[in-house]
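Reviewing the structure listed below.
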Ligand SMILES: [Fe+2]
Ligand SMILES: [Fe+2]
Ligand SMILES: [Fe+2]
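Numbering (the numbering used here), first residue to last: 721 to 1138.
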């Protein structure tokens, strides 16, 4: 069964990152378009290879979502002067958490001076050199407006920037009018068409969706651990209950992306070490509808419907639609239980994780109030130790990956003095 089309993986990634910072994602799309036009003109890659490159180029600044957190709008700074931090983090993110680790170094090198880049032995370094040109063209044409001169980077030709790349850019600009297409918005339609050539295997699609879930780590790494906990609990309950394979798969994807709208919620609210004000609670709750807007029309509706019901409750007291028990299906009810379990077994910003007896007492109370489905909670409680053992193993696995990633970030950072 196809849960998402290859093209929609790309569009979904773009929309999800837009939730964090729209301008940075627009920059990514424009750079991807410019590099695509250059490479197409060169004729070295097939359309489907270009499609992969477009995906990568669109996300070339993904590291900035983590490293520039409070100053992400100051693009001119980290795109011209302090460019190493986001290049390194983006590289490591793609290396450890994406299905295309081979392309990760493109991100590492996307700000490297051409003279230095020439000495590097790396198959795709030309793409990095082209991104470097494209992103300068975008950043400076945007910030300088009418003052912008296409040939202003000529003095950098052969030293900071690839002379061959610059020549190619001028050629493509005069032939196709790249800036005009960007100005009119026409480039977006062309990019969407290119996305139509993307072919991802089911395994790669799954990995891309997991990578999007890892984007929650830009907000906080504990949100990723929470998500992994929820997915594990869902999988185990579904197995214990002998749900058909098709439903288990729907539930897996629904659980994987259920909190993706959290990327649009301010950090201060997510990590507030106190009880939230009523207005903050209202804002926090919008993550469900925000997630739905991004996912609807991109993923199979059965998956979206599971994901978006994770805060509904059987007695109709949940949100956003106040659905009642009879209006929901088993995968939706399982995700609700798993989401509550996650909040109890993992630490929150305002309290530590809770012991087993307390978790069971709270869950039993939720059954008594007819909020959670009894049969599902009982299934969980009766396999509590086994399920939690797997949860702890999976969580430790991702924490280990983050540890390696953060350690390498420090090490490479020291080398480049960031
Ligand atoms: Fe950059
Ligand atoms: Fe950039
Ligand atoms: Fe949620």
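Positions of the beta carbon are idealized from the N, C-alpha and C atoms, including for glycine.
Next item on the list: For residue 968, collect the residues of the same chain with a Cβ closer than 6 Å to its Cβ; drop the 5 residues on either side in sequence, then sort them by chain order.
Entry: Here the question's residue 968 lines up with position 248 in the chain shown. Correct list, in chain order: 958.
Note to self: Could you give the first and the last residue of the continuous alpha helix (DSSP H) run that contains residue 953?
What the structure shows: Looking up residue 953 in the chain shown gives position 233. Here the alpha helix (DSSP H) through residue 953 covers 941-960.
Item checked: As assigned by DSSP and simplified to three states, the class of residue 1094 -> For the purposes of this step, residue 1094 is taken as the residue at position 374 of the chain shown. Residue 1094 falls in the helix class under three-state DSSP.
Next item on the list: Take residue 914 and list the residues in its own chain whose beta-carbon comes closer than 8 Å to its own, dropping the five residues that flank it on each side.
Entry: On the chain shown, residue 914 is found 194 positions in, with the first residue counted as 1. These residues qualify, in order along the chain: 756, 767, 770, 771 and 774.
Notebook entry, point to check: Less than 7 Å between the CB of residue 788 and some heavy atom of ligand 1, yes or no?
Noted result: The count along the chain shown starts at 1 and reaches residue 788 at position 68. No.
Note to self: Going by C-alpha to C-alpha distance, which of 1074, 1070 and 1055 sits closest to residue 1064?
What the structure shows: Here residue 1064 corresponds to residue number 344 of the chain shown, with the count starting at 1. The candidate whose alpha carbon is nearest that of residue 1064 is 1074.
Notebook entry, point to check: With 16 as the cutoff for other CB atoms within 10 Å, does residue 838 come out buried or exposed?
Noted result: In the chain shown, residue 838 corresponds to position 118, counting from 1. By the 10 Å Cβ count, residue 838 comes out exposed.
Margin query: Using only Cβ atoms and a threshold of 6 Å, which residues come within that distance of a heavy atom of ligand 2? Order them by chain position.
Written below: 747, 751, 780, 781, 799 and 855
Check: How big is the Cα-Cα spacing for residue 975 and residue 1011?
Finding: Your numbering for residue 975 matches position 255 in the chain shown. Your numbering for residue 1011 matches position 291 in the chain shown. The straight-line gap from Cα to Cα measures roughly 12 Å.
Next item on the list: Alpha carbon to alpha carbon, how far is residue 1123 from residue 945? Give it in angstroms, no decimals.
Entry: Within the chain shown, residue 945 is the residue found at index 225, counting from 1. Within the chain shown, residue 1123 is the residue found at index 403, counting from 1. Going from the Cα of residue 945 to the Cα of residue 1123 covers about 13 Å.
Check: With distances taken from CA atoms, which of 1135, 991 and 917 is nearest residue 939?
Finding: Taking the chain shown and counting its residues from 1, one reaches residue 939 at position 219. Out of 1135, 991 and 917, 991 has the C-alpha closest to the C-alpha of residue 939.
Check: Can you tell which of 1127, 792, 1072 and 833 has the C-alpha that lies nearest to the C-alpha of residue 880?
Finding: Within the chain shown, the letter at position 160 stands for residue 880. Residue 880 has its Cα closest to that of 833, out of 1127, 792, 1072 and 833.
Item checked: Rounded separation between residue 927 and residue 829 - CA only -> For the purposes of this step, residue 927 is taken as the residue at position 207 of the chain shown. For the purposes of this step, residue 829 is taken as the residue at position 109 of the chain shown. The straight-line gap from Cα to Cα measures roughly 24 Å.
Notebook entry, point to check: With burial defined as no fewer than 16 other Cβ atoms inside 10 Å of the residue's Cβ, what is the status of residue 1001: buried or exposed?
Noted result: For the purposes of this step, residue 1001 is taken as residue 281 along the chain shown, with counting starting at 1. Flag for residue 1001 reads exposed.
Check: Which residue spans inside the stretch 857-903 form an unbroken alpha helix (DSSP H) run of at least 4?
Finding: 883-896
Checklist line | Residue of 1026, 1059 and 1042 minimising C-alpha distance to residue 1050 | finding: Here the question's residue 1050 lines up with position 330 in the chain shown. Measuring from the Cα of residue 1050, the nearest candidate turns out to be 1026.
Notebook entry, point to check: Regarding residue 830 and ligand 1, is the C-beta to nearest heavy atom distance less than 7 Å?
Noted result: Position 110 of the chain shown, counting from 1, holds the residue named residue 830. Checking the Cβ of residue 830 against ligand 1 gives yes.
Check: What is the residue span of the alpha helix (DSSP H) that residue 1117 lies within?
Finding: Within the chain shown, the letter at position 397 stands for residue 1117. Residue 1117 -> alpha helix (DSSP H) spans 1104-1135.
Next item on the list: Would you decide whether residue 793 is buried or exposed? Buried here means 16 or more other CB atoms lie within 10 Å of its CB.
Entry: As a first step, residue 793 is located in the chain shown; it is residue number 73 there, counting from the start. Burial call: exposed.
Note to self: Measuring only the C-alpha atoms, how far is residue 709 from residue 791?
What the structure shows: Residue 709 lies beyond the range of the chain shown here (721 to 1138); nothing can be said about it.
Next item on the list: Flag this pair as touching only if the stretch 1077-1084 and the stretch 1013-1032 have three or more C-beta atom pairs under 8 Å; answer yes or no.
Entry: no
Notebook entry, point to check: I think residue 851 touches residue 889, with their Cβ atoms under 8 Å apart; what is that distance to the nearest whole Å?
Noted result: Your numbering for residue 851 matches position 131 in the chain shown. Your numbering for residue 889 matches position 169 in the chain shown. At roughly 12 Å, the Cβ-Cβ gap does not stay under 8 Å, so residue 851 and residue 889 are not in contact.
Notebook entry, point to check: Nearest-angstrom Cα distance between residue 1045 and residue 1099?
Noted result: Looking up residue 1045 in the chain shown gives position 325. Looking up residue 1099 in the chain shown gives position 379. Cα to Cα, residue 1045 sits roughly 18 Å from residue 1099.
Note to self: Measuring alpha carbon to alpha carbon, tell me which residue in 733, 754, 916 and 1109 is nearest residue 952.
What the structure shows: What you label residue 952 is simply residue 232 of the chain shown in a count that begins at 1. The shortest C-alpha separation from residue 952 is found at 1109.
Check: Do residue 931 and residue 724 have their C-beta atoms closer together than 8 Å?
Finding: Here the question's residue 931 lines up with position 211 in the chain shown. Here the question's residue 724 lines up with position 4 in the chain shown. Not in contact: residue 931 and residue 724 (Cβ atoms no closer than 8 Å).
Next item on the list: Output the residues surrounding ligand 3, defined as those with a CB atom closer than 6 Å to any ligand heavy atom, in chain order.
Entry: 979, 1007, 1030 and 1031
Check: Exposed or buried, which one is residue 1081 when buried takes at least 16 other CB atoms within 10 Å?
Finding: Position 361 of the chain shown holds residue 1081. Exposed, since its Cβ has fewer than 16 Cβ neighbours within 10 Å.
Check: Say the cut is 7 Å; is the CB of residue 807 nearer than that to a heavy atom of ligand 4?
Finding: Among the ligands modelled here, namely ligand 1, ligand 2 and ligand 3, ligand 4 does not occur.
Check: Where do the N-terminal and C-terminal ends of the alpha helix (DSSP H) with residue 775 fall, by residue?
Finding: Mapped onto the chain shown, residue 775 falls at position 55. Note, residue 775: alpha helix (DSSP H), 767-778.
Check: Hey, out of 906, 824, 816 and 901, whose CA is closest to residue 781's CA?
Finding: Counting from 1 along the chain shown, the entry for residue 781 is found at position 61. Here the closest residue by C-alpha is 824.
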